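Numbering (my numbering), first residue to last: 5 to 341.
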Ligand code: FA5
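Listed below in C-alpha cells is the structure:
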C-alpha cells in the first residue's frame, strides 16, 4: 500500500461504493488521517534512495490533495441525493380531496332550552338550579302535597327511600330559592325531571323550566301577560294559545296552557291525540300554604308560578311527532337541527 497508484485506485473504488455520508469520515481517516495510508507512505520515503524521495513526495502530496478534493465533492453529491430522496418520500399531494369532517350540531332540546332561557332572561328572570335527587319535603310536602294527598298520584314517582326520590317536577326549586331569598324575585329553573310514564308525548326523563315571580300586587293578569309575551316570542304572534282552568295543590287558581298543534295544523294527529291542542305548561297563583312553608308574609306578597314542558315545546317548534326521538341519539335525526 505504499505505492501511490495502488492507493489512488483503492480510494476511487471505495469512494464510488459509498452511499451514506457517515462513511466519508471513515474513508478520510483511512487515507489522509494521521495514521492513514498517505501518512504511512510518507514515512516509508525514508527507505528510498535520497534522489527518489522529492519526486515520490510530490506525488504523494498531490494524491493527498486529490483525496481531499474528491471527499468534499462526494459529500456535496451525497447531500444532494439525500435531499432528493427526502423530497420524494415526504411529498404531499395537495390535490387529493380531504376527508369530510362531520360537524356536530346542538341537540334540539338544548337549542329549545337556550331559547327559553334567553327569552326569560331578557324579561329579568334569574336562572336557578336544584338537585335531581330530591327530598320528599321539597318535591311534595312544602308544595302543599302531604303524604296522603290524592295529588301524589298525578305524578308517578320513582322513590329511592321513603323520603328521597327523583324529582317529578322542577317546582321544588321554587321552595329552595324562596327559603334563601326574600321578595321581590323573578326566577326560572330549567332541569331534568323523572316520572314513571312513557308514550309518544310522555318520557320517563324529560325537561321542565320552572318559573316564579313574587312581589307585592302580582296578579293572574301578570302571569297571563308574561306567558303570552314568552309564547309570542317563541312561536310567533299567530300561533293559537289557550288558557284552561286546571288544578295544582301548590297554585290557586291554576291553569294549563295549550298550543294549537303545529304538527297537523290543528286537524288532529297522534301527538295532539286528535284534539288539535298540545298541553305545554301548568301555571297558577302561588298557594298561600306554599308561602307559609317558606315563611313569606301572605298578607303582603302574592306571586305566580309555572312549569313548562321543554320536550313538548321542541316537538311543536321542530314538528317532531314522537318524544322518544330526542333520546335515541340517531345522528341522521340530530343532524337536521
Ligand atoms: C307540573 O309538573 C307542575 N309542577 C307545573 C306547575 C308549576 C304548575 C308551577 C303550577 C305552578 P305537569 O305535571 O302538568 O305539571 O307538567 C308540566 C308540563 O310538563 C306539562 O304541561 C307537559 O308539557 C310536561 N310533561 C308532563 N309530563 C311529561 C312527560 N312524561 N313527558 C314529557 N313532558 C311531560
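Positions of the beta carbon are idealized from the N, C-alpha and C atoms, including for glycine.
The model shown is predicted, which means the values in this text are computed figures rather than measured ones.
About 5 angstroms separates the CB atoms of residue 286 and residue 311; that is less than 8 angstroms, so the two are in contact. It is roughly 42 angstroms from the alpha-carbon of residue 180 to the alpha-carbon of residue 271.
Per the Cβ contact rule, the segment 309–325 is in contact with the segment 213–223 (3 or more Cβ pairs under 8 angstroms).
The Cβ atoms of residue 59 and residue 8 lie no closer than 7 angstroms to each other. With respect to residue 190, residue 134 sits apart: the two C-beta atoms are not nearer than 7 angstroms.
Counting of Cβ neighbours within 10 angstroms places residue 336 among the exposed residues, the total staying below 16.
In this structure, the C-beta of residue 132 stays at least 6 angstroms away from each heavy atom of the ligand FA5.
For residue 149, the shortest C-beta to heavy atom distance toward the ligand FA5 is 6 angstroms or greater. Three or more Cβ pairs closer than 8 angstroms define a contact, and the segment 322–331 falls short of that threshold against the segment 285–302. In this structure, residue 309 has its CB closer than 6 angstroms to one or more heavy atoms of the ligand FA5.
Relative to the non-hydrogen atoms of the ligand FA5, the Cβ of residue 173 comes within a distance shorter than 6 angstroms of at least one. Placement of the Cβ of residue 223 at a distance of 6 angstroms or more from every heavy atom of the ligand FA5 is found. Assignment of residue 300 by DSSP, reduced to helix, strand and coil, places it in the coil class.
Contact annotation: residue 172 and residue 161 have beta-carbon atoms nearer than 7 angstroms.
Residue burial annotation: residue 253 is buried, with at least 16 other C-beta atoms found within 10 angstroms of its C-beta. Taking a C-beta distance under 7 angstroms as the contact criterion, residue 71 and residue 36 qualify as a contact pair.
Residue 185 has its alpha-carbon roughly 27 angstroms from the corresponding atom of residue 251. By the C-beta density criterion, residue 138 is buried, having at least 16 other C-beta atoms within 10 angstroms.
Around the beta carbon of residue 317, a 10 Å sphere encloses 16 or more other beta carbons of the protein chains shown; the residue is thus reported as buried. Under DSSP, no beta-bridge partner is assigned to residue 6. Here the segment 154–168 makes no contact with the segment 111–119; the two share fewer than three CB pairs at distances below 8 angstroms.
Assigned with DSSP and collapsed to three states, residue 279 falls in coil, not helix or strand. In this structure residue 199 is buried. Its beta-carbon is surrounded by 16 or more other beta-carbon atoms within 10 angstroms. In terms of Cα proximity to residue 244, the closest of 93, 282 and 259 is 282. Here residue 159 carries a coil assignment [DSSP, helix/strand/coil].
The alpha-carbon of residue 26 is positioned some 12 angstroms away from that of residue 75.
Bounds of any beta strand (DSSP E) do not take in residue 104, whose DSSP letter is neither H nor E. Of the candidates 166, 66, 148 and 150, the residue whose Cα lies closest to the Cα of residue 45 is 66. Bounds of any beta strand (DSSP E) do not take in residue 128, whose DSSP letter is neither H nor E.
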